[in-house]
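Student:
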Amino acid sequence: MKTARLAAPLLLLLAACPRLDPMWDQPKVKAYKASKHYPDGLAMRTPPAGTVPHRAPIEPAVATGRGPDGRPLPVSPVAVTAELLARGRARFDVNCAACHGVLGDGESQVALNMSLRKPPSLHQFRELADGFIYQVISEGFGLMPSYAGQLSVQDRWAVVAYVRALQLSQYATVEQVPPEARERLQKEGR
Ligand code: HEC
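Take 615 as the starting number for the sequence shown in this note's numbering and just add one per residue.
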């Protein structure tokens, strides 16, 4: 009984409370907003003469996955190294495998339970341009959200390289296997 009698005034008090997080409501300007502070009425400022970027700017093709003609780059602009592939594998396993499966074949717990649109096997996209896969990761595709927040530009290209490796792992011909490994494969009867 006592709690019930207390509950109503407590709720009223809570509703009347201002937001408790003071960071929420601080005076600040956002990009592209107007500001009365500067004569030109803009919040954003042009950097003073002589300003240098603290990081090398990313080339547009690398950042967007599109060439100067606006079409997806057929081949990744980032050199594929063992290190890049290892990074791609780690990032793929964290960000993509839950839906597309660790082999990229679409066999995943999410796929089993997703009725609307199952995450497809990535092996059917062997003909897609590298730049297109990069765009899917950066911008999302249909029901798939963008992973730009989770993956840096370099990491996205690393994932693209690893998707290519996964595709090759399932569709390589014996001729593509180095001779020394070929012998072992045949011995193991694979
Ligand atoms: C939450 C589940 C989920 C995750 C995680 C996910 N995807 Fe997808 N992905 C999907 C779904 C669903 C589709 C199909 C979307 C559609 O057709 O509407 C898709 C489609 C795709 C396609 C095909 C686009 C086409 O042309 O049809 C590619 C390539 C792809 N994803 C790559 C990736 C990569 C690489 C990652 C990791 C960075 C990833 N996905 C993470 C669910 C996911």
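For glycine and all other residues, C-beta sits at the position ideal for the given N, C-alpha and C.
Checking the sheet assignment: what are the DSSP bridge partners for ARG680?
Tutor: DSSP lists PRO686 as partners of ARG680.
Student: Going by the beta-carbon positions, is the gap between ASN709 and TYR748 smaller than 8 angstroms?
Tutor: no
Student: In angstroms with no decimal places, state the Cα-to-Cα distance between MET615 and ALA621.
Tutor: Any reading at MET615 must be qualified, since the residue scores a pLDDT of 49, below 50, and its modelled position is unreliable; the value itself is stated next. Using only the alpha carbons, I get a separation of about 10 angstroms.
Student: With the cut-off set at 8 angstroms, would you say PHE746 and PRO686 are in Cβ contact?
Tutor: By the CB criterion at 8 angstroms, PHE746 and PRO686 fall inside the cutoff.
Student: Is GLN784 close to chain D? Criterion is C-beta to C-beta, closer than 8 angstroms.
Tutor: Checking the listed chains, one finds no chain D in this structure; it contains a single protein chain.
Student: Does the stretch 765-780 come close enough to the stretch 698-708 that 3 or more CB-CB pairs lie under 8 angstroms?
Tutor: yes
Student: What residue range is occupied by the uninterrupted alpha helix (DSSP H) comprising ARG705?
Tutor: 696-709
Student: Rounded to the nearest angstrom, what separates ARG778 and LEU765 at their Cα positions?
Tutor: 17 angstroms
Student: Confirm, please, whether the CB-CB distance from VAL676 to ASP744 is below 8 angstroms.
Tutor: no
Student: Which residue marks the beginning of the alpha helix (DSSP H) containing ASP744, and which one marks its end?
Tutor: 744-753 is the extent of the alpha helix (DSSP H) around ASP744.
Student: Judging by CA-CA distance, which residue of ALA786, LEU780, LYS801 and HIS737 is the nearest neighbour of LEU699?
Tutor: LEU780
Student: Is GLY803 buried or exposed, if buried means 16 or more other CB atoms sit within 10 Å of its CB?
Tutor: exposed
Student: Going by beta-carbon coordinates alone, are HIS737 and GLN790 separated by less than 8 angstroms?
Tutor: no
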